[in-house]
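Taken in order, the sequence shown gives residues 9 to 328; the numbers are from the numbering used here.
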Amino acid sequence: MIETRKAAEEIKRAESLALACHIGPDGDALGSMLGFGIAARNHGKDVVASFGSPFVVPANLSFLPTDLLVAPSDFPKKPETMMVFDAGSADRLGELGSNAGKAGTLIVVDHHMTNEGFGDISLIDSSAAATGELVYELLELLDWEIDHQIATCLHTALVTDTGRFTYSNTKPETLRIAAALVEAGAQPAEIGRHVYEETPFGYLKASSAALSRAALDEERAIVTAVVTDEDLREAGIDWGDIDGLIDTLRLAEEADVAALAKVHDDGRVKVSLRSRGATDVGSLAAAMGGGGHRLAAGFTVERDPEEVLGEIKRMVEDFR
Ligand code: 5GP
Ligand code: MN
9 MIETRKAAEE IKRAESLALA CHIGPDGDAL GSMLGFGIAA RNHGKDVVAS
59 FGSPFVVPAN LSFLPTDLLV APSDFPKKPE TMMVFDAGSA DRLGELGSNA
109 GKAGTLIVVD HHMTNEGFGD ISLIDSSAAA TGELVYELLE LLDWEIDHQI
159 ATCLHTALVT DTGRFTYSNT KPETLRIAAA LVEAGAQPAE IGRHVYEETP
209 FGYLKASSAA LSRAALDEER AIVTAVVTDE DLREAGIDWG DIDGLIDTLR
259 LAEEADVAAL AKVHDDGRVK VSLRSRGATD VGSLAAAMGG GGHRLAAGFT
309 VERDPEEVLG EIKRMVEDFR
């Protein structure tokens with residue numbers, strides 16, 4: 009449902025807005041939330057923004073203007089008006105899911121195909137390349153000016169969710185919005201450098217360890233790999249530093265699907281899935297209790313990682 013007008017009315021009415029995005033935020037989650045938050049603050053709203061633990065901004069996104077961020081423990085327990093960005097379901101909010109449950113009015117801005125709708129006002133459009141696109145349209149309707157900071161946030165959202173405008177979700181409208189954001193002061197070269205061209209040396213070590221163990225199942229056209237907390241510790245990096253690894257794994261041309269299992273010390277296994285087009289990994293992830301998009305999705309389980317990857321290998325053919 010796309011209730012942009014209803015959302016705009018509620019936003020205009022509210023004096024304060026509490027914003028949240030999905031845990032382990034990416035460029036679209038943080039960019040769309042912060043971009044909207046800065047615009048709302050510019051219009052006199054009392055704004056806070058946060059995301060569930062671990063409350064760490066990934067290093068490659070720390071160039072974004074983050075002064076609206078508060079720790080999840082400082083987030084209003086019963087916000088009068090709360091907005092959620094880029095989260096396909098309430099459980100993607102971590103501990104802030106309980107705040108969302110108690111919010112007076114909950115507005116959900118999202119583009120995940122697996123979003124079945126939650127909250128009171130929905131701005132959900134799975135044809136949008138990024139949640140940042142929906143925020144742009146909302147700001148247009150509100151007639152709120154887009155300054156260079158907002159433009160930087162929203163451009164980052166678009167760049168990251170479209171794979172630098174190369175994925176099939178990139179539409180003419182996506183590029184028109186990107187052009188407007190550049191006109192408003194977003195600097196593509198600078199954003200690209202921060203997001204894609206800078207990584208701690210340890211990333212090379214951890215990714216080479218994980219990639220050296222990668223396996224290709226040519227018959228089922230799937231490439232899999234495992235990266236562990238131990239790999240990261242040895243390399244001296246954090247989970248936020250390893251987001252780009254799936255993009256290397258998915259380069260294997262023999263595979264339609266890439267599956268990366270991120271194994272945490274506490275037993276959680278977060279699986280990232282990517283498809284070249286023949287496999288609907290969004291539905292596959294949903295079948296495993298997660299969600300996402302047709303070509304990029306994920307889920308989290310507490311199981312043996314090799315066993316989970318084995319199950320995914322057996323499942324892929326059912327989702328083609
Ligand atoms: P990534 O692999 O980059 O973490 O996530 C790819 C896509 O799948 C993103 O759109 C993300 O929101 C979604 N996704 C990743 N993990 C989960 C999960 O555990 N649950 C749900 N519902 N979606 C996920
Ligand atoms: Mn997104």
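Where is the CB? At the ideal position from N, CA and C, for every residue including glycine.
Exposure of residue i, with buried meaning 16 or more beta-carbon neighbours within 10 Å
| i | result |
| --- | --- |
| Arg184 | exposed |
| Lys270 | buried |
| Gln157 | buried |
| Phe209 | exposed |
| Ala16 | buried |
| Glu227 | exposed |
| Glu18 | buried |
| Gly356 | Summary: the structure shown does not reach residue 356, with the chain confined to residues 9 through 328, and so no result is reported for it. |
| Leu147 | buried |
| Met41 | buried |
| Leu162 | buried |
| Ser280 | buried |
| Arg258 | buried |
| Lys94 | A quick correction: the sequence has Asp, not Lys, at residue 94. Per the 10 Å Cβ criterion, buried. |
| Arg322 | exposed |
| Leu104 | buried |
| Ala197 | exposed |
| Leu212 | exposed |
| Gly43 | buried |
| Gly290 | buried |
| Ser97 | buried |
| Met9 | exposed |
Near the ligand 5GP: residue i beta-carbon under 7 Å from a heavy atom
| i | result |
| --- | --- |
| Gly244 | no |
| Ala28 | no |
| Phe307 | yes |
| Ser40 | no |
| His120 | yes |
| Lys304 | Here the sequence assigns Ala to residue 304, which means Lys is not the residue at that position. Yes, the ligand 5GP has a heavy atom inside 7 Å of this Cβ. |
| His272 | no |
| Asp255 | no |
| Ser97 | yes |
| Arg258 | no |
| Gly127 | no |
| His301 | yes |
| Ser134 | no |
| Arg100 | yes |
| Gly105 | no |
| Thr280 | Rather than Thr, the amino acid found at residue 280 in this sequence is Ser. Yes, since a heavy atom of the ligand 5GP falls inside the 7 Å radius drawn around the Cβ of Ser280. |
| Gly60 | no |
| Gly298 | yes |
Residue i CB to nearest heavy atom of the ligand MN below 7 Å
| i | result |
| --- | --- |
| Ala355 | In this structure the chain extends from 9 to 328, so residue 355 is not present and cannot be described. |
| Ala108 | no |
| Asp36 | yes |
| Ala138 | yes |
| Asp155 | no |
| Asp251 | no |
| Asp169 | yes |
| Asp82 | no |
Close beta carbons around residue i, own chain, < 8 Å, minus the five adjacent residues each side
| i | result |
| --- | --- |
| Thr168 | Asp34, Gly35, Asp36, Gly39, Ala138, Val203 |
| Val65 | Pro33, Leu38, Leu72, Thr74, Leu77, Gly248 |
| Thr182 | Ala137, Ala138, Glu141, Leu166, Thr170, Phe173 |
| Ala79 | Ser58, Phe63 |
| Ser134 | His119, His120, Met121, Asn123, His301 |
| Ser61 | Ile31, Pro80, Gly102, Glu103 |
| Val117 | Ala15, Ser40, Phe44, Met91, Val92, Phe93, Asp94, Leu131, Ile132, Thr139, Leu142, Val143, Leu146 |
| Phe83 | Ala26, Ala28, Val56, Ser58, Leu104, Asn107 |
Cut-off 7 Å between Cβ atoms - residues of its own chain near residue i, not counting five sequence neighbours on either side
| i | result |
| --- | --- |
| Ala275 | It should be pointed out that residue 275 corresponds to Gly in this sequence rather than to Ala. Excluding residues within five positions, the ones whose Cβ falls inside 7 Å are Glu310. |
| His51 | Trp152 |
| Thr287 | Asp264, Val265, Val324, Phe327, Arg328 |
| Ala214 | Val235, Asp239, Leu240, Ala243, Ile245, Ile250 |
| Ala293 | Leu281, Gly299, Gly300, Ala305, Gly306, Phe307 |
| Glu206 | Asn68 |
| Ile254 | Ala266, Leu268, Ser280, Arg282 |
| Val316 | Ala269, Val277, Val279, Val309 |
Spatial neighbours of residue i in its chain, beta-carbon cut-off 6 Å, leaving aside the 5 residues before and after
| i | result |
| --- | --- |
| Ile46 | Gln157, Ile158 |
| Asp128 | Thr113, Leu114 |
| Leu150 | Ala16 |
| Leu303 | Ser283 |
| Lys20 | none |
| Ala111 | Pro87, Met90 |
| Thr164 | Gly35, Gly39, Ile199 |
| Val55 | Leu25, Gly45, Ala48, Arg49, Leu76 |
| His30 | Ala37, Asp94, Ala95, Arg100 |
| Ile320 | Ala267 |
Legend entry - Every unbroken alpha helix (DSSP H) within the region 200 to 260, with a cutoff of 4 residues, ordered by chain: 209 to 220, 237 to 243, 253 to 257
Inset, instruction - Only counting runs of 4 or more residues, tell me where the alpha helix (DSSP H) segments fall wholly within the region 66 to 152, in order along the chain. - result: 104 to 110, 139 to 150
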